[in-house]
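Numbering (full-length UniProt numbering), first residue to last: 1 to 180.
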């Protein structure tokens, strides 16, 4: 089976890194306040603009920690499936070289030929797309799997992955459900 996996807030703990940028500028909401919402939707406009400016420089993406369990789970998936990384890097074009280096450092077992830097993930041809943003499932021809994040709570998803510990079982379940 071919599996495409998003980077930010799925493989990389981008939320924690972004939260730190907002907190450095005096905005630190609780998880309850963030449930179903993004930091940028709640923060004052000047703070959001400052954070966006930092992110557009690209360096922000260089030192993000991997999500808990991601390295081990993705390595396991690559032993049994064809795995691609599909990231909407065009949102932050300067992030591309930093994301390539990050992937090589944390996920050296994924062939760089399997990195997909795009805007619209509808172009990705895979059986599964594991992503924290259900908007990326629109136009995607395979099955979307929503990776749990504060901002997507309340989103209606057929399959929802609450963490990497359950990834192997979820993929097996989807294989059976969809006869893949």
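Yeah, the Cβ is synthetic: ideal placement off N, Cα and C, and Gly gets one too.
Run through the region 46-90 for me and flag every whole beta strand (DSSP E) of 3 or more residues, listed as ranges in chain order. 82-87
Does the separation of the CB atoms of residue 43 and residue 59 fall below 8 Å? no
8 Å Cβ cutoff met for residue 130 and residue 47: no
Which residue comes first and which comes last in the beta strand (DSSP E) that contains residue 107? First-last for residue 107: undefined, no H or E at that position.
Is residue 147 buried or exposed, if buried means 16 or more other CB atoms sit within 10 Å of its CB? buried
For residue 147, which of helix, strand or coil comes out of DSSP? strand
If we call anything under 8 Å between Cβ atoms a contact, is residue 163 one with residue 69? yes
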